[in-house]
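A short write-up of the structure that comes next.
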Amino acid sequence: MADIEILHADMNGGRIQQLEVRIKNTRARHIDRATAVTWAREGHSLIPVHGHGHDVARGHALSLVEVGEDVFLRTDTRAEASDSVHFPGH
Numbered sequence: 165m166a167d168i169e170i171l172h173a174d175m176n177g178g179r180i181q182q183l184e185v186r187i188k189n190t191r192a193r194h195i196d197r198a199t200a201v202t203w204a205r206e207g208h209s210l211i212p213v214h215g216h217g218h219d220v221a222r223g224h225a226l227s228l229v230e231v232g233e234d235v236f237l238r239t240d241t242r243a244e245a246s247d248s249v250h251f252p253g254h
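With my numbering applied, the sequence shown covers 165 to 254.
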């Protein structure tokens, strides 16, 4: 399982459009929501971070939350029909 840092989230209408992510010792890249859901289902940790170098704060990992027949990515466990990514320090 990979520990994947989320550097930035582009949101639209309560849904993640894309995430800027980085796996340790690699360059940052962008993934879409479907990829993020797949990675979360596979057991990877998607963790919002803030800061640089040795001064990085890590937030709560995204969780898959089912609401009805749909699934949402949230840093809390509320059963709300929207994605939610909270970065530490914001």
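The beta carbon of each residue, even a glycine, is placed where N, CA and C say it ideally should be. No experiment lies behind these values; they were computed from the predicted model shown.
Using only alpha-carbon positions, find the residue among the options that is nearest to residue i.
i: F251; options: D167, L171 and M165; result: L171
i: E105; options: N189, E169 and D240; result: Any answer about residue 105 is impossible in this case: the structure gives the chain only from 165 up to 254.
i: L210; options: V185, G178 and I180; result: V185
i: S227; options: N189, G178, T190 and S248; result: S248
i: D234; options: H218, R193 and A198; result: A198
i: A166; options: S246, D196, G215 and T190; result: T190
Would you tell me roughly how many angstroms separate the C-alpha atoms of residue i and residue j, rounded to the nearest one?
i: N176; j: V213; result: 20 Å
i: A192; j: R205; result: 21 Å
i: G207; j: A200; result: 11 Å
i: E169; j: A245; result: 24 Å
i: W203; j: A243; result: 20 Å
Buried or exposed: which applies to residue i, given that a residue is buried once 16 or more other Cβ atoms fall within 10 Å of its Cβ?
i: I187; result: exposed
i: A221; result: exposed
i: R238; result: buried
i: A173; result: buried
To which residues does DSSP link residue i through a beta bridge?
i: F251; result: BP columns for F251 are empty, so no partner.
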